[in-house]
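**Q**
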C-alpha cells in the first residue's frame, strides 16, 4: 500500500527532475572517456561460464530438449489453424445467452406462481400463520424447548451451495425490524415484501442545500447531474455531513433550479429520459409553488415530486401533500429514525405504478457483486442477480388503481459459472474473455480486483462499479467500451501493457478484440487475442486408448477451473474429477455427461506427447544422488490444453517453497482466466532461452529460483506455443553457481586480477525487469536494483539499456490519515502519539522497467561528486539475466533512488463530471393515464425536529 501523496506534489518534483537530468547528462559526457577500471572481457567470460552452466542444468532437469523433439516428430501430422476470434466470441455469446435464458425462465415461473397464489388468497382475520423465523430457528429456551417460531430446522451441508448448511424442503421468513412476529403486517395479504432489488439503470442525481441562496453539496458540480454509482454516492454523502440549516429556505428558487437541471441534462442525451423525480426534504413550506409546477411540469407531470416533511410541526403538511398529489408523487412526514426506512421507500411503489398497470415484468440484471457466503477455501465469489417484479392482479386493486407492487423474485448467478464456458484453450496464453454491463461496468474481467490484497477477503468499497476503461486504459478514446455499451458487434486492435507477478513485471503485446451483445440481457461479451503465437492453434490426433492410458498417470493433472466435462449439471456427477469424467464419457459409460470433445481430443494428444518425460524424470531422480546438482527440487510442464505434469527430486518436506504449483500459488497454476505466470513469461522469451525469477512474496518464496522455457511447434511466427517446461531450484544452489563462475579468469598463470570476491567491486545478477537474484548482501535478494544502486540504474535508463514505462492502476488503495487515538494528547506529545490510517480507493501512476533486448552489453562511468565510478553490464547467454559489476571506490549514495512506488493521481471531480456513454433501458414506464394520483401519502407520528440528523440517512435511502 502507499501513502496518500498527491500528484500535485509530484508535478513540482517532475520539473526539478527534468533539470536534474539535463545536468546529469552533461556530466556523463564529460567522463565517458575516463579510465575503465573493470575489464569487459573478464565480465563477459564470467557471464558466459555462468550462462552455460545454468542453462545446462535447466535444460537437463526440465527435459526441454526431449519435449521439443517429441513435438517436432509430430509436426507433419498436426494441423495449424488461425483462430477466428469473431466466431469464438459469437459462440461464447450464445452459450451465455442460453445460460441466462434458463435463469430468466425459472424466475418467470416463480413470478407467475406468486401472482396466482396472491390472486387466489382470501384474507381470513382469524387465521394464524405459522412460519419459521430465520433468526429463531433451532433456538431453545432455558428448559431446552424450541422457542416459538423457531422449531427444529434441519440444516445439512450441500456442495451446490459452497458446502453451506441448507434445507431444500423448507423455507424461513426474515421478519423486518419494524414488524412484530405474527403481527398484522406479517399476515396481511397485500403486505409489501421487504426485499426489493434496486434499479439496474440508476438515474443521475445531485444534492443541493437551500437557505437564502442556492448552495450545491459539491460546488465543483454546479448545474449538472452525475451517475448514481457507489463512488459518486459516497462522495456526496461525505459532503452531506457538512450541511447546516439556517434562515428560511427559498423553496421556489430551489425547485426552479432542480427542474432546470433536469431539463438541461435531458437535452444532453446522457440520461435515461425515463422516470424522473425530485425529492424535497424540508421542515416546512409556506406556499404550494403552483407557478413553478405550471411552468415546468404541467400538464404532462413527467417529473414526480416527493416531499418529506421533517419534524412535529404539521402546519405545512397540507401544502406539501398538495405538491405531491399535483405531481403524481407521494408525501411523507417523518419524525423518528424508525419512520425513515418505511416511509422513504414508499416512492418505489409510486414509481412502479405504471409497470403494474401495464403488467410489464421487466427483467432486472445487476452489476457484479460479492457473495459473502462463499466457500471457506476460496472466499467470497462474484455474482450477478436476475430479478422480476411481482404484481397484484386482483380486480379490485386495479379498479381503484392502487397498483400494488408485491415484491421481487430473484436468483443469483455465480460468475464462476460463466468462466466455465469460456474456451480457454482457444484464447491462447495471453488471451481472455470479459463481459460488461450496459453502464460500462465490468461483469467479469481477469484484471478486476474486487478484494483487498495480501490474502484479505474483504471487498473494496467500489468493486462493483469498475469501468471497462479503467482496466483497458490504453484505449484513450473509449472506442472498445462505447461499442460494447451500445451492443455492437465488431473488432478493435491496440497495443497493450499487461502487468504480471503482482503488478511488478510488464508484458507488452498487441491485442485484437472481438465483441458482441448477449441477447436477452443488458450485457456484452468480448474476447482478446494477442497477435503472434496467440492467434494460432493446432490440432493433433491420437487413439482414445493411448490417450486415456497416458492421461491417467499419477504425475498428470488437469486445470482445476477449466471445464473439460460438465460435472455440475447432474448430482451424481459432482464427485467426479475431470479425468474420471473424461474416461466415463469416452467409454460411453456415462452418456449424460456433457463434454467438450474438441478440447478432450487435444488433451489426449498432449498426454501422449508428454508421456516420455515421466520416465526421463524418474531416471534423473534415480541418478541424482550421484551428481552435484542437488539443488534442483521440482521439474514441471504445462500444455496449451491445461494439462500439467510434475516430478519431485526431493521429498515434499524438503521443498524450499511449499506453495509452488498448489492452489495457494494463484499465479503459478492454470486458472479460469489465465495461464501460469511461468508459462506466460516463457512465451515472450526468445525460443530456446530460459526465463529465471525469484517469486515475490514471503521469505519462503525468496529461497527459490524458477526457470522455464517455451516449446514451439514450428520455427516461424505462426507457431503456437504448445507447452512450457521448467524447474524450481534452491536459491543457495543457484547463487553458488554464480559465485563459482565469477572467480574464473583467462590468465595463463591462473592469477586473476579481478574477482567478485574483491572488496573493490560489487557483483549483481539482475533480471530483465531489474530485480536482484544474486548479491553479496542476501537481504537485497528480490529487491529492485534501482533502490540498491540508484546511480547505476539512473545511468542505465539514460543510455537506454533499461526503459521506464508508466502504468496506471484505477483500482488502487491508498493510505489516508484518519485522525489519532487521542487528538488532544497528540497536540502536546507528538512523539508518543499513535496516528491512525485507513485504506481508501484511489487512482495511481507507477513505473515498470524492462531491458532493451538489442543491447547485450554496456560499459560506463558515473560522476559521483567528482569521483568517477565505472560499471559493466553483460547479458547472460540464453536467459533474461544480466551480470552487473560496479567498482566500489566512490560514494554515490546521494543519488535519489529509482523507486517503483506508486503516486496517487487526483482527478476524482473530473471523473464525477465526465459522463461516459451508457445504454438506455429498452423499456420505459414513467407514468400512466390510469394512475390513481390521489393516493399520494399522509403523515407519520410526530416528535421533535430531526432535520440535521435525518438528512444524510434520507439521502442514503434515496440513492440505493
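Numbering (my numbering), first residue to last: 19 to 978. We put the CB at the ideal spot given by N, CA and C, even for glycine. Source: prediction; values computed, not measured.
Please state whether the Cβ-Cβ distance between residue 990 and residue 444 is less than 8 Å.
**A** A question about residue 990 goes unanswered here, because the residues of the chain that appear run from 19 up to 978.
**Q** Which partner residues of residue 462 appear in the DSSP bridge assignment?
**A** The residue labelled residue 462 in the question sits at position 444 within the chain shown. Residue 462 is bridged to 453.
**Q** Quick check on residue 213: buried or exposed, where buried means 16 or more other Cβ atoms within 10 Å of its Cβ?
**A** In the chain shown, counting from the first residue as 1, residue 213 sits at position 195. For residue 213, the pLDDT reaches just 31, beneath the cut-off of 50, and the residue's location in the model is therefore unreliable, although a value from the coordinates is still provided. Exposed: under 16 other Cβ atoms inside 10 Å.
**Q** Among residues of its own chain, excluding the 5 on either side of residue 545, which ones have a beta-carbon nearer than 6 Å to its beta-carbon?
**A** Counting from one through the chain shown, the residue named residue 545 turns up at place 527. Around residue 545: 103, 106, 107, 451 and 532.
**Q** Is it buried or exposed, residue 251, if we count other Cβ atoms within 10 angstroms and call 16 or more buried?
**A** What you label residue 251 is simply residue 233 of the chain shown in a count that begins at 1. By the neighbour-count rule (16 or more Cβ atoms within 10 Å), residue 251 is buried.
**Q** Round the Cβ separation of residue 569 and residue 640 to the nearest angstrom and send it over; I've been treating them as touching at under 8 Å.
**A** Numbered from its first residue, the chain shown carries residue 569 at position 551. Numbered from its first residue, the chain shown carries residue 640 at position 622. No, residue 569 and residue 640 are not in contact; Cβ-Cβ is about 25 Å, not under 8 Å.
**Q** Please go through the same chain and pick out, in chain order, the residues whose beta-carbon is closer than 7 Å to the beta-carbon of residue 588, but skip the five residues on each side of it.
**A** Position 570 of the chain shown, counted from the start, is the residue given in the question as residue 588. So the list reads 610, once near-sequence residues are dropped.
**Q** If I'm right that residue 580 touches residue 678 with Cβ under 8 Å, what's the distance once you round it to whole angstroms?
**A** Along the chain shown, read from residue 1 onward, the residue named residue 580 stands at position 562. Along the chain shown, read from residue 1 onward, the residue named residue 678 stands at position 660. Contact flag wrong, Cβ pair sits at about 20 Å.
**Q** Taking only three categories from DSSP, how would you classify residue 388?
**A** As a first step, residue 388 must be located in the chain shown, where it is residue number 370. DSSP places residue 388 in strand when its eight states are reduced to three.
**Q** How is the beta strand (DSSP E) around residue 104 delimited, first residue to last?
**A** Here residue 104 corresponds to residue number 86 of the chain shown, with the count starting at 1. Run containing residue 104: none in the beta strand (DSSP E); it sits in the alpha helix (DSSP H), 103–138.
**Q** Can you tell me where the alpha helix (DSSP H) with residue 875 in it begins and where it stops?
**A** Start at 1 with the first residue of the chain shown, and residue 875 comes out as number 857. Unbroken run through residue 875 is the beta strand (DSSP E), 875–882; no alpha helix (DSSP H).
**Q** Can you have a look at residue 761 and say buried or exposed, based on whether 16 or more other CB atoms are within 10 angstroms of its CB?
**A** In the chain shown, residue 761 corresponds to position 743, counting from 1. Exposed, since its Cβ has fewer than 16 Cβ neighbours within 10 Å.
**Q** Which residues bound the alpha helix (DSSP H) around residue 74?
**A** Numbered from its first residue, the chain shown carries residue 74 at position 56. Looking at the DSSP string, the run of the alpha helix (DSSP H) that includes residue 74 is 58–80.
**Q** Do residue 935 and residue 504 have their beta-carbon atoms positioned less than 8 Å apart in this structure?
**A** On the chain shown, position 486 is the one that residue 504 refers to. On the chain shown, position 917 is the one that residue 935 refers to. Taking 8 Å as the Cβ cut-off, residue 504 and residue 935 qualify as a contacting pair.
**Q** Look at the alpha carbon of residue 516 and the alpha carbon of residue 911, and state the distance between them as a whole number of angstroms.
**A** By 1-based counting over the chain shown, the position of residue 516 is 498. By 1-based counting over the chain shown, the position of residue 911 is 893. The straight-line gap from Cα to Cα measures roughly 33 Å.
**Q** Find out if the Cβ-Cβ distance for the pair residue 875, residue 78 is shorter than 8 Å.
**A** On the chain shown, position 857 is the one that residue 875 refers to. On the chain shown, position 60 is the one that residue 78 refers to. Not closer than 8 Å, so no.
**Q** Could you have a look at residue 945 and say whether DSSP puts it in helix, strand or coil?
**A** As a working note, residue 945 is residue 927 in the chain shown. Coil.
**Q** Measuring CA to CA, which of 754, 940, 944 and 950 is closest to residue 381?
**A** Taking the chain shown and counting its residues from 1, one reaches residue 381 at position 363. The candidate whose alpha carbon is nearest that of residue 381 is 940.
**Q** Could I get the ranges of all uninterrupted beta strand (DSSP E) runs contained in the stretch 614–662, with 3 residues as the minimum, in chain order?
**A** For the stretch 614–662, whole beta strand (DSSP E) runs of length 3 or above, ordered along the chain, are 650–657.
**Q** Please list the terminal residues of the continuous alpha helix (DSSP H) segment that includes residue 571.
**A** Locating residue 571 in the chain shown gives position 553, counting from the first residue. Note, residue 571: premise wrong, no alpha helix (DSSP H); not H, not E.
**Q** Taking residue 815 as part of the alpha helix (DSSP H), name the residues at either end of that continuous run.
**A** Working through the chain shown from its first residue, we reach residue 815 at position 797. Run containing residue 815: 808–817, per the alpha helix (DSSP H) assignment.
**Q** Could you check what DSSP says for residue 797 in three-state terms: helix, strand or coil?
**A** Position 779 of the chain shown, counted from the start, is the residue given in the question as residue 797. Note: residue 797 maps to helix in three-state DSSP.
**Q** Hey, would you say residue 744 sits closer than 8 Å to residue 726, going by beta carbons?
**A** Residue numbering aside, residue 744 sits at position 726 when the chain shown is read from its first letter. Residue numbering aside, residue 726 sits at position 708 when the chain shown is read from its first letter. Cβ distance < 8 Å, so residue 744 and residue 726 count as in contact.
**Q** Could you pull out every residue in the same chain whose Cβ sits closer than 6 Å to the Cβ of residue 685, ignoring the five residues on either side in sequence?
**A** Within the chain shown, the letter at position 667 stands for residue 685. Around residue 685: 695.
**Q** How do the stretch 462–471 and the stretch 482–491 stand: do at least 3 beta-carbon pairs fall below 8 Å, yes or no?
**A** In short, these stretches touch, since the Cβ pair count reaches three.
**Q** With 16 as the cutoff for other CB atoms within 10 Å, does residue 340 come out buried or exposed?
**A** Along the chain shown, one-based indexing puts residue 340 at 322. Label assigned to residue 340: buried.
**Q** Could you have a look at residue 301 and say whether DSSP puts it in helix, strand or coil?
**A** In the chain shown, the residue the question calls residue 301 occupies position 283. Correct three-state label for residue 301: coil.
**Q** Whole angstroms are fine: how far does the CA of residue 536 sit from the CA of residue 972?
**A** As a working mapping, residue 972 is identified with position 954 in the chain shown. As a working mapping, residue 536 is identified with position 518 in the chain shown. Residue placement at residue 972 is flagged as unreliable, the pLDDT there being 46, under the threshold of 50; a coordinate-derived value is accordingly withheld.
**Q** Could you check which residue in 477, 813 and 468 has the C-alpha nearest to that of residue 485?
**A** On the chain shown, position 467 is the one that residue 485 refers to. When each option's Cα is compared against that of residue 485, the closest is 468.
**Q** Per DSSP, residue 175 is paired with what?
**A** Taking the chain shown and counting its residues from 1, one reaches residue 175 at position 157. Beta-bridge pairing links residue 175 to 183.
**Q** For residue 497, which residues from the same chain have a beta carbon less than 8 Å from its beta carbon, with the 5 sequence-adjacent residues on both sides left out?
**A** The sequence position of residue 497 within the chain shown is 479, counting from 1. Answer for residue 497: 510, listed in chain order.
**Q** State buried or exposed for residue 383, treating a residue as buried only when at least 16 other CB atoms are found within 10 Å of its CB.
**A** As a working mapping, residue 383 is identified with position 365 in the chain shown. Buried, by the Cβ-count rule.
**Q** Tell me whether residue 805 sits in a helix, a strand or coil according to DSSP, three-state version.
**A** Stepping through the chain shown from its first residue, residue 805 is reached at position 787. Residue 805: helix per DSSP, three-state reduction.
**Q** Does residue 476 pass the burial test, meaning 16 or more other C-beta atoms within 10 Å, or should it be called exposed?
**A** Start at 1 with the first residue of the chain shown, and residue 476 comes out as number 458. Classification for residue 476: exposed.
**Q** When you compare only the Cα positions, how much space is there between residue 700 and residue 388?
**A** Stepping through the chain shown from its first residue, residue 700 is reached at position 682. Stepping through the chain shown from its first residue, residue 388 is reached at position 370. Rounded to whole angstroms, residue 700 to residue 388 spans 34 Å at the Cα level.
**Q** Could you give the distance in angstroms between the alpha-carbon of residue 742 and the alpha-carbon of residue 865?
**A** Residue 742 sits at position 724 when you count from the first residue of the chain shown. Residue 865 sits at position 847 when you count from the first residue of the chain shown. Approximately 29 Å between the Cα atoms of the pair.
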